[in-house]
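These protein sequence lines are chains L and P, in that order.
Mapping of the first sequence onto the numbering used here: position 319 corresponds to residue 321, and the numbering continues sequentially without gaps.
Mapping of the second sequence onto the numbering used here: position 196 corresponds to residue 198, and the numbering continues sequentially without gaps.
All C-beta atoms, glycine included, are put in the ideal place defined by N, C-alpha and C.
Following: one structure in structure tokens, then a few remarks.
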Amino acid sequence: MWDRMTQNVSVDDDTARDLLEEMLRIDIFEEETKERFGEGEIPGFVHLSGGHEGSHVGMGAAMRDDDWLAVGGARLIGQYIAKGVPLPEIMAELYGRVGGSNKGHGGQMHVSDVDRKLYGHAATIGSGQNPAVGLGLAEEMKGTDNVVVTTIGDGGTSRGSFHTALVFAAYWDLPVVFIIENNEWAISTPAESLSPDHLSDYGIPHNMPTESIDGSDVEKVYHTVSEAIERARDGEGPTVIENRVVRLVPHFEGDKETYRDEEAYERAREEKDPIENYRERLLENGVITEDELDDMVANIEAEVEEAIEFARESPEPEPEAAYDHVYKLPLYGQGDGQ
Amino acid sequence: MTREITYVQAIAEAIDEELERDEEVILFGEDVEEFGGNFGETEGLYEKHGRNRVRNTPLSEIGIAGMALGAAVGGIRPVAELQFADFAATAGDEIFNQIPKQPYVSGGQIEAPLTIFAPSGAGIGAGAQHSQSVHSWLGNVPGWVVVTATTPYDAKGLFKSAIRDDNPVFFLPHKMLSETKGEVPEEEYTLPLGEAAVEEEGEDVTVVATQLMFHRAKEAAAEVDADVEIVNPRTFAPLDTETIAESVRKTGRLVVVDETVERYGTQGHIANEIVENDFFSLDAPPKTIGVKDIPIPLSPPLEQEALPSADRIADGIESLF
Ligand SMILES: Cc1ncc(C[n+]2csc(CCOP(=O)(O)OP(=O)(O)O)c2C)c(N)n1
Ligand SMILES: [Mg+2]
Numbered sequence: 003m004w005d006r007m008t009q010n011v012s013v014d015d016d017t018a019r020d021l022l023e024e025m026l027r028i029d030i031f032e033e034e035t036k037e038r039f040g041e042g043e044i045p046g047f048v049h050l051s052g053g054h055e056g057s058h059v060g061m062g063a064a065m066r067d068d069d070w071l072a073v074g075g076a077r078l079i080g081q082y083i084a085k086g087v088p089l090p091e092i093m094a095e096l097y098g099r100v101g102g103s104n105k106g107h108g109g110q111m112h113v114s115d116v117d118r119k120l121y122g123h124a125a126t127i128g129s130g131q132n133p134a135v136g137l138g139l140a141e142e143m144k145g146t147d148n149v150v151v152t153t154i155g156d157g158g159t160s161r162g163s164f165h166t167a168l169v170f171a172a173y174w175d176l177p178v179v180f181i182i183e184n185n186e187w188a189i190s191t192p193a194e195s196l197s198p199d200h201l202s203d204y205g206i207p208h209n210m211p212t213e214s215i216d217g218s219d220v221e222k223v224y225h226t227v228s229e230a231i232e233r234a235r236d237g238e239g240p241t242v243i244e245n246r247v248v249r250l251v252p253h254f255e256g257d258k259e260t261y262r263d264e265e266a267y268e269r270a271r272e273e274k275d276p277i278e279n280y281r282e283r284l285l286e287n288g289v290i291t292e293d294e295l296d297d298m299v300a301n302i303e304a305e306v307e308e309a310i311e312f313a314r315e316s317p318e319p320e321p322e323a324a325y326d327h328v329y330k331l332p333l334y335g336q337g338d339g340q
Numbered sequence: 003m004t005r006e007i008t009y010v011q012a013i014a015e016a017i018d019e020e021l022e023r024d025e026e027v028i029l030f031g032e033d034v035e036e037f038g039g040n041f042g043e044t045e046g047l048y049e050k051h052g053r054n055r056v057r058n059t060p061l062s063e064i065g066i067a068g069m070a071l072g073a074a075v076g077g078i079r080p081v082a083e084l085q086f087a088d089f090a091a092t093a094g095d096e097i098f099n100q101i102p103k104q105p106y107v108s109g110g111q112i113e114a115p116l117t118i119f120a121p122s123g124a125g126i127g128a129g130a131q132h133s134q135s136v137h138s139w140l141g142n143v144p145g146w147v148v149v150t151a152t153t154p155y156d157a158k159g160l161f162k163s164a165i166r167d168d169n170p171v172f173f174l175p176h177k178m179l180s181e182t183k184g185e186v187p188e189e190e191y192t193l194p195l196g197e198a199a200v201e202e203e204g205e206d207v208t209v210v211a212t213q214l215m216f217h218r219a220k221e222a223a224a225e226v227d228a229d230v231e232i233v234n235p236r237t238f239a240p241l242d243t244e245t246i247a248e249s250v251r252k253t254g255r256l257v258v259v260d261e262t263v264e265r266y267g268t269q270g271h272i273a274n275e276i277v278e279n280d281f282f283s284l285d286a287p288p289k290t291i292g293v294k295d296i297p298i299p300l301s302p303p304l305e306q307e308a309l310p311s312a313d314r315i316a317d318g319i320e321s322l323f
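Written as structure tokens, this is what we have:
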């Protein structure tokens, strides 16, 4: 049996409680999502984030509100929450309702919130990184010091588009932080079979700083991403970070995971659950008490309940809305009568 | 006041004026700096506007198109060149799945006021992967505004509008027209997107044609014993069907000639719009003419066999009488 060593807490108590709370928010929201999907209330695919919560919350906490997030991989909901999109808007989008962040045009794979600088997801895995570079270019041209964080899974790093994005970001030293969430699997394909020792090594030929860290440790992620963001803000260009995590959930709801080794899976659950580990750590360090924790959970459960109610009560879109947002009309000069 | 300039000069002027007018406009692509583009279309822009606004990129269409999308969402107005229109396919996901769909799936939150331009078309012996006309590919993906240029006047006025438009616009000059000259106003002007132009008026038959095919249709019109009206769609998506329909209601006959491949090409779509909605205005079945269902071969006689010639267009017109 793996023994949990008491680890120190490296952030102040308020930050620590916030990190735990945000991870719990993801977990409780997703548990409810799973239930509602099981009941047939949510259309389409549902991919959950179990095991990635430390990675999502650590990077979310490292970002300023004005920094862009362009999400990748398939563990998405946790990232939306970590970027601050209100739970009712996310849930209503999963339901495909007009109250959703994207008015039902996007769904689980496409939540975006431009006002909160969430670009959204490419859904074709690995196609979000070049747009992220473009966002970095725009920020640089506008003379801000805002940074772009973009995530991708281990699977996505095999796409040429990912490597092209590294080339382009390095070419102009743009303020982009590339985070690879290596959860050991691309559906059923093991990351182990890829040749680099660490997937962050892909940044080496571009002379980028690279880091490979335990992505299940929320504080580790927070510090590492913060440093990369600071470098980018100071004009020192892009970084590649590999957050090593485990996928504690099926690829998507319905995946029977016949390809996984039961024992290794069990060990991962024991050792690498970011929420369980952090909860213990805060309790052992006296940062939080069991009672405070119970209150925290109860409050989040109430928030999630509200999100579900909002989503259920939000109307379905009128069929005619399918034609909205294809073009911004009139086109330039159209109807002006030459 | 007008003066004669070439088609590529018109393109370079359009970009120059928009770079000058709006500081959010930037130009990037492969070899757009000193080299000035394969056809001279970006000549002088780097020297005038500098490396911050006019940027060479590494050789990747995925990078160029993907970066254009992000830059546009991030609040600037990128004008990005692909060296040949065929390379829309090398950035397939960006061109077909990302750019035209991100604004839609975001429920209208994302705005992508970008322009991609790429010389298209056959005739210079550039072979199967540097000669295609791709407005049929692009027109099949809702979200793109797809614009072609036929004369220097068009090229300048439409390109300026493309840059100013808030949608993603794919702007397609034709490489065979690069050195053709035409009258272009001295004063600043733009031409409307989404509107076809009746370029030549006639009573007997409507010929729909753009880019190089417009010029061949004009030759054909001079050969045949019929009064030909030529309509240039200019924008292929969204298409100004009404201007074409109005012309057919007058003439009763329709020939659609375009440099896209005949199989599943633009011609069939345009003819179908008329057949479905204005069938009883037709005195003869519509005729469609395009690139034969073959890749574009290199050898000039083979290449010309693939393309609609003025004679083929003239035969097509005459077959309706
Ligand atoms: C280009 C592309 N290929 C395949 C898929 C189908 N697909 C969706 S998620 C996924 C696995 C992705 O693995 P990874 O990048 O490691 O992310 P994870 O699911 O582990 O978060 C696949 C193959 C896709 N969406 N896009
Ligand atoms: Mg993975």
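- Contact between the stretch 89 to 105 of chain P and the stretch 137 to 152 of chain P is established, with three or more Cβ pairs separated by less than 8 Å.
- Counting only heavy atoms of ligand 1, the residues whose C-beta sits closer than 5 Å to one of them are, along the chain, L:G75, L:A76, L:R77, L:T126, L:I127, L:G155, L:D156, L:G157, L:G158, L:N185, L:A188 and L:I189.
- Using a Cβ-Cβ cut-off of 7 Å, V242 (chain L) does not count as an interface residue toward chain P, since no Cβ of chain P sits closer than that to its own.
- For the C-beta of I64 (chain P), the chain L residues within less than 8 Å are, from N- to C-terminus, N132, G162, S163 and T166.
- Per DSSP, A199 (chain P) is one residue of the beta strand (DSSP E) stretching across A199 to E202.
- With distances taken between CA atoms, I66 (chain P) lies nearest to P:A82 out of P:A82, P:H51 and P:P187.
- Three or more beta-carbon pairs separated by less than 8 Å are not found between the stretch 253 to 260 of chain L and the stretch 96 to 112 of chain L, which leaves the two stretches without contact.
- Those residues of the stretch 190 to 203 of chain L placed with their C-beta closer than 7 Å to a C-beta in chain P do not exist.
- Residue pairing by DSSP puts P80 (chain P) in a beta bridge opposite P:I28.
- A residue is called buried when at least 16 other Cβ atoms come within 10 angstroms of its Cβ; R53 (chain P) does not meet this threshold and is exposed.
- Considering only beta carbons, the part of the stretch 169 to 182 of chain L lying closer than 7 Å to chain P consists of V169, F170 and Y173, in chain order.
- For V56 (chain P), the closest Cβ of chain L is not nearer than 7 Å.
- Per DSSP, the unbroken alpha helix (DSSP H) holding E15 (chain P) starts and ends at Y9 to R23.
- According to DSSP, residue pairing for S214 (chain L) in a beta bridge involves L:E244.
- C-alpha of L21 (chain L) to C-alpha of P90 (chain L): approximately 20 Å in a straight line.
- Inter-segment contact for the stretch 157 to 166 of chain L and the stretch 216 to 230 of chain L is absent: fewer than three beta-carbon pairs are separated by less than 8 Å.
- Within chain L, no C-beta atom comes nearer than 8 Å to that of E202 (chain P); the closest sits roughly 17 Å away.
- The C-beta of G52 (chain P) comes no closer than 7 Å to any C-beta of chain L.
- Bounds of the beta strand (DSSP E) holding H123 (chain L) are L120 to H123.
- For P297 (chain P), the CB contacts under 6 Å within the same chain, skipping 5 residues up- and downstream, are A130 in chain order.
- Cβ neighbours of V135 (chain L) within its own chain (closer than 7 Å, five residues either side excluded): A167, F170, A171, L176 and V178.
- Bounds of any beta strand (DSSP E) do not take in D293 (chain L); it lies within the alpha helix (DSSP H) bounded by E292 to E315.
- Per the DSSP secondary-structure output, F161 (chain P) pairs with nothing in a beta bridge.
- Closer than 7 Å at the C-beta level to chain L, one finds no residue of the stretch 117 to 142 of chain P.
- Put simply, the backbone Cα of E113 (chain P) is about 14 Å away from that of E26 (chain P).
- CA-CA distance, V242 (chain L) to E213 (chain L), rounds to 7 Å.
- DSSP, read as helix, strand or coil, puts V150 (chain L) in strand.
- Legend: CB atoms of the stretch 85 to 113 of chain P lying less than 8 Å from CB atoms of chain L belong to residues D95, E96, N99, Q100, Q104, P105, Y106, V107, S108, G109, G110, Q111, I112 and E113.
- The three-state reading of DSSP puts H165 (chain L) in helix, counting H, G and I together.
- Residues of chain L with a Cβ closer than 8 Å to the Cβ of V75 (chain P) are, in chain order, V116, Y121, P133, G136, L137 and A140.
- Beta-bridge analysis with DSSP links E183 (chain L) to L:G155 and L:N245.
- Taking E248 (chain P) as reference, the option from P:D227, P:A199, P:A286 and P:E43 with the minimal CA-CA separation is P:A199.
- Closest in alpha carbon position to I189 (chain L), among L:P252, L:N10, L:E322 and L:D14, is L:P252.
- When Cβ pairs closer than 8 Å are counted between the two stretches, the stretch 271 to 280 of chain P is seen not to touch the stretch 174 to 186 of chain P, the count staying below three.
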